[in-house]
Each structure stands twice: as C-alpha cells, then as structure tokens.
Amino acid sequence: AQSVTQLGSHVSVSEGALVLLRCNYSSSVPPYLFWYVQYPNQGLQLLLKYTTGATLVKGINGFEAEFKKSETSFHLTKPSAHMSDAAEYFCAVSRNTGNQFYFGTGTSLTVIP
Amino acid sequence: EPEVTQTPSHQVTQMGQEVILRCVPISNHLYFYWYRQILGQKVEFLVSFYNNEISEKSEIFDDQFSVERPDGSNFTLKIRSTKLEDSAMYFCASSVWLAGGARSSYNEQFFGPGTRLTVL
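Residue numbers (this note's numbering), protein chains in the order written: chain A, 41 to 153; chain B, -11 to 108.
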C-alpha cells in the first residue's frame, strides 16, 4: 500500500529564507514521487517528480527535492523564498504508470515580507 | 502547451439532483482520472479509466458515481443523486501510457483546473 505523510500543515518563512517542506512516504514497491503546487482557486501544477536515476531532482521555480530511500523521504526545498511561492503544496506517490496518485494532506506555505 | 480542461468551473446544485462534470483530457492521453478535494482536506482518488472501462476505483466511488467517455474527447463524471457531502473540488487528470515503458519513461498525470461543486 502507498501513503504519504506531510509534516506541518502550515509553514511560514521570511522572504529570502530557506523553504523546507517535508514529505515521507510508504510504498510496497519503488515509488514514483511528485510535488504539486496549488495556488488559490487554481488546479494542481507539477513542480517536480522522481522516477529513476539521480536522487536530487530539480523542478520549476527554483524548487528541488531529494529522494532518500533509507529515510523514505522526498522533502521539497528552495534556497530563497519568494512572495509568489505562497501556495498549498502536495506531495504524492504512485505505484506505477496508470495507477492512482496518493496525496498527502498538503502544506500551506506563507511567505512573510 | 496541451492542457486538461474542465467545465463548468463552478456548479451549484440542490441535494438529490444529478450533476455531470465534464473534462477534456489531453488529446493523445489514454488514462483518465477523477479526484476530489473536500475543502481543507487532501486530494482523494476516485476512479481511473482506460480503454473504455474503469481500471481502478476507490471506496468513495460508490453506485452514485459513474464515468463515461461519450465521444473521442470528453470524459465525464456523473453523480446521480447529490448529497451535501459531495460538495468538493473535482479534478480531472490524464496521462499517457506507454506499453512496456521503462521506469524512466513514466508519464505523470496532468490535472485540470477543477470544478467546484456546491450542493445545497
């Protein structure tokens, strides 16, 4: 079975500070891992994904995430927060192509000027 | 850039009424999905659809729900008799499936902007 845990439903950072959003997963098979962002009143936009290969993946808007199998984690980071990063972030895991996504409960990121 | 579209963006209905939510997946995609997000909660899987039949469904997807691909472009979710607890944002998604594809060729799901369903 697959599941995702996002620690911290709300995270606040100052503009220019490091962003760290935590995601841990459980999966019975090697997972496919994703981070999506949702801006107010909008749909889900893919930030980045891990399928295979390099464990550090880079996404859009300066975000990156590292797949750590030993820790079953896929934390999302950005070196310097921008006001436009304020949004809801969802971590998701999938078993295989064509299979459902399992989403975490989301983390709301607030950026303080 | 191709995108998934959904109509309407907001639907208000009375409890007990039938609603149909419409989605146009990306044209060369073969897998289609519906998810829902109750306000303040996580996104939950409802159903996936491939080759004109349901391939996976969750416990949420009971007899009140049905999906259909009535033509070559639309993918619909029907709720036969809406309940208050059906109020949520409903997202459609689609993905390409590569037969025998390698792990590195995984195709992610592309999500539409959602339909906000309000049941009164």
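Beta carbons are placed, not taken as given, at the ideal position from N, Cα and C, and that holds for glycine.
Nothing here was measured: the structure is a model prediction, and the numbers come from that model.
query	result
Under the assumption that A/Val69 contacts A/Thr117 (Cβ atoms under 8 angstroms), give the Cβ distance between them as a whole number of angstroms.	Actually they are not in contact, since the Cβ atoms of A/Val69 and A/Thr117 sit about 26 angstroms apart, beyond 8 angstroms.
Take B/Phe49 and list the residues in its own chain whose beta-carbon comes closer than 6 angstroms to its own, dropping the five residues that flank it on each side.	Leu34 and Val35
Please confirm if B/Gln5 has its CB atom under 9 angstroms from at least one CB of chain A.	no
Shorter than 9 angstroms from the beta carbon of A/Leu86 to some beta carbon of chain B?	yes
Taking the beta strand (DSSP E) that A/His50 belongs to, which residues open and close that run?	His50 to Ser54
Could you please give the first and the last residue of the uninterrupted beta strand (DSSP E) stretch that includes A/His115?	Ser113 to Lys118
Taking Cβ-Cβ distances shorter than 7 angstroms, what residues in chain B pair up with A/Gln82?	Pro101
Would you give the residue range spanned by the beta strand (DSSP E) that B/Lys66 belongs to?	Phe63 to Ile67
How big is the Cα-Cα spacing for A/Met123 and A/Trp75?	19 angstroms
Taking C-alpha atoms, which residue in A/Phe103, A/Phe114 and A/Ser148 lies nearest to A/Ala132?	A/Phe114
Which residue marks the beginning of the beta strand (DSSP E) containing A/Leu73, and which one marks its end?	Tyr72 to Gln78
Determine, using beta carbons only, whether B/Lys66 comes closer than 9 angstroms to chain A.	no
Is A/Ile152 helix, strand or coil when you go by DSSP?	strand
What is the rounded straight-line gap between the Cα of A/Asp125 and the Cα of B/Phe99?	20 angstroms
Can you pull the chain A residues whose beta carbon is under 9 angstroms from the beta carbon of B/Val0, in chain order?	Under the 9 angstroms cutoff, chain A gives no residues; its nearest Cβ is about 16 angstroms from B/Val0.
Can you tell me which of the three DSSP states B/Ser(-3) falls into?	coil
Work out the CA separation of B/Val107 and B/Gln2 for me, nearest whole Å.	6 angstroms
Got a sec, what are the start and stop residues for the beta strand (DSSP E) B/Gln25 sits in?	Tyr19 to Gln25
Which class does A/Glu106 belong to by DSSP, given the choice of helix, strand or coil?	strand
Where DSSP assigns a beta bridge to B/Lys45, which residues make up the other side?	B/Val35
Do A/Ala41 and A/Ala121 have their beta-carbon atoms positioned less than 9 angstroms apart in this structure?	no
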